[in-house]
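K.L.:
The structure under discussion is supplied below as structure tokens; questions concerning it will follow.
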Amino acid sequence: MKTVVITGGTDGMGAALARHYLREGNQVVVVGRSRAKFEALLASLAADGVAATGRASFLAADLSLVAESERVVEQIRASHERIDVLVLAASFIRQKRHETAEGHEASWVLFFVSKYILLTGLASLLADSDRPTVVNTSVPGAKAGAIDFDDLESAQRFSFVRSNAQQRRANELLGILVTSDNPALAYITWGPRRLVRTSLAGDVGRAMKIASVLLGAVAGQRPDDAIAPIITFVADPPAGRAAYRGATQVALVQGPHDTDDARRLAAETTALVTGR
Ligand SMILES: NC(=O)c1ccc[n+]([C@@H]2O[C@H](COP(=O)([O-])OP(=O)(O)OC[C@H]3O[C@@H](n4cnc5c(N)ncnc54)[C@H](OP(=O)(O)O)[C@@H]3O)[C@@H](O)[C@H]2O)c1
């Protein structure tokens with residue numbers, strides 16, 4: 001029996017993965033905001049004859065807050081000795097810059113800082129797995145220079161495209177940090193081949209909402225179909241970093257200063273977390 005932790009496990013692809021791993025008989029920790037969605041997930045499994053109570057647990061947290069991400073780490077560390085699979089799939093798309101109550105840019109924290117906190121805070125639990133695996137649903141392929149180290153929270157200049165590329169690049173560099181600390185770890189950045197018909201939770205303009213609904217209706221995938229390559233990868237994960245679009249492995253983007261950039265990112269993120 002594996003222990004699988006899934007952020008964003010109450011909806012979309014995260015929920016599809018939670019259902020899959022619970023059907024397989026594993027222990028699953030779901031992190032999200034809505035307990036009602038978690039209860040509905042358990043009810044849908046029960047309706048299919050899958051008794052997940054006792055193997056499924058829910059941690060309510062707003063991962064756009066540093067303090068909440070740290071609390072999740074503490075709670076998981078207090079209740080589990082080992083993590084085999086960590087899926088990072090919490091998502092809330094914001095087209096405009098938004099500051100949290102902690103005074104940080106919400107998307108930067110949700111899509112990068114929170115993942116950094118979880119991965120560093122739970123590293124020892126992953127180290128206790130025979131085949132530790134991290135699936136980071138952050139679309140690979142952003143340019144090597146996509147991070148503006150002088151404006152990580154896009155305070156001076158914000159655009160959705162720029163901030164999204166910066167988060168994606170940061171998540172690739174995060175792979176360098178965690179696999180050098182734990183060479184047995186399999187770390188993938190993964191994005192679907194095409195749009196997936198999920199809730200696409202977020203605060204976006206009308207045009208973006210209509211475009212995603214139309215595109216999803218015409219060419220979208222079902223979450224259960226979209227996650228098939230993740231399930232295949234997790235079943236036999238090669239140690240080290242890799243990047244995938246759907247089932248296709250793609251080249252890792254290599255920059256001239258990746259190791260230095262990864263270290264700088266770690267230092268800046270530690271400063272953000274401790275300076276709170
Ligand atoms: N859908 C696509 O076509 C697509 C394309 C490219 C990449 N992706 C990536 O795939 C991943 C999954 O996307 P999805 O479309 O399946 O997601 P989704 O259906 O929009 O669901 C988002 C999930 O994130 C949770 N969440 C949102 N804000 C949160 C917060 N502040 N703190 C904690 N949890 C929060 C939600 O929980 P609650 O509902 O409980 O709040 C929900 O479980 C994301 O990383 C996304 O960027 C998706």
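The sequence shown begins at 1 in full-length UniProt numbering and counts up by one. C-beta: ideal position from N, C-alpha, C; glycine also. For clarity, every value in this text was computed on a predicted model and none was experimentally measured.
1) So Arg206 is in the alpha helix (DSSP H); what residue range does that whole segment cover?
2) In this structure, what does DSSP give as the bridge partners for Ile231?
3) Tell whether a beta-carbon distance below 9 Å holds between Thr10 and Val30.
4) Quick check: the segment 256-271 against the segment 203-210, are at least 3 beta-carbon pairs closer than 8 Å?
5) According to DSSP, Ile76 sits in a beta bridge with which residue or residues?
6) Run the CB neighbour count on Leu215, radius 10 Å, all protein chains shown included, and call it buried at 16 or more, exposed below.
7) Could you tell me the alpha carbon to alpha carbon distance between Thr84 and Gln166, rounded to whole angstroms?
8) Can you give me the C-alpha to C-alpha distance between Asn164 and Ala144, rounded to a whole angstrom?
9) Please state whether DSSP places Asn26 in a helix, a strand or coil.
10) According to DSSP, simplified to helix, strand and coil, what is Gly32?
11) Are the segment 21-39 and the segment 47-67 touching, with three or more C-beta to C-beta distances below 8 Å?
P.N.:
The answer reads as follows:
1) As a first step, residue 206 must be located in the sequence shown, where it is residue number 206. Run containing Arg206: Arg206 to Ala219, per the alpha helix (DSSP H) assignment.
2) Here residue 231 refers to the residue found at position 231 of the sequence shown. Its beta-bridge partners do not exist; DSSP assigns none.
3) Taking the sequence shown and counting its residues from 1, one reaches residue 10 at position 10. Taking the sequence shown and counting its residues from 1, one reaches residue 30 at position 30. Contact flag set, yes.
4) no
5) Working through the sequence shown from its first residue, we reach residue 76 at position 76. According to DSSP, Ile76 bridges with nothing at all.
6) The residue given as residue 215 occupies position 215 in the sequence shown. By the neighbour-count rule (16 or more Cβ atoms within 10 Å), Leu215 is not buried but exposed.
7) One-based indexing of the sequence shown puts residue 84 at position 84. One-based indexing of the sequence shown puts residue 166 at position 166. According to the sequence displayed, residue 84 carries Asp and not Thr. Using only the alpha carbons, I get a separation of about 28 Å.
8) On the sequence shown, position 164 is the one that residue 164 refers to. On the sequence shown, position 144 is the one that residue 144 refers to. Roughly 13 Å between the two C-alpha positions.
9) For the purposes of this step, residue 26 is taken as residue 26 along the sequence shown, with counting starting at 1. Correct three-state label for Asn26: coil.
10) Along the sequence shown, one-based indexing puts residue 32 at 32. The answer is strand: DSSP assigns Gly32 an E or B state.
11) yes
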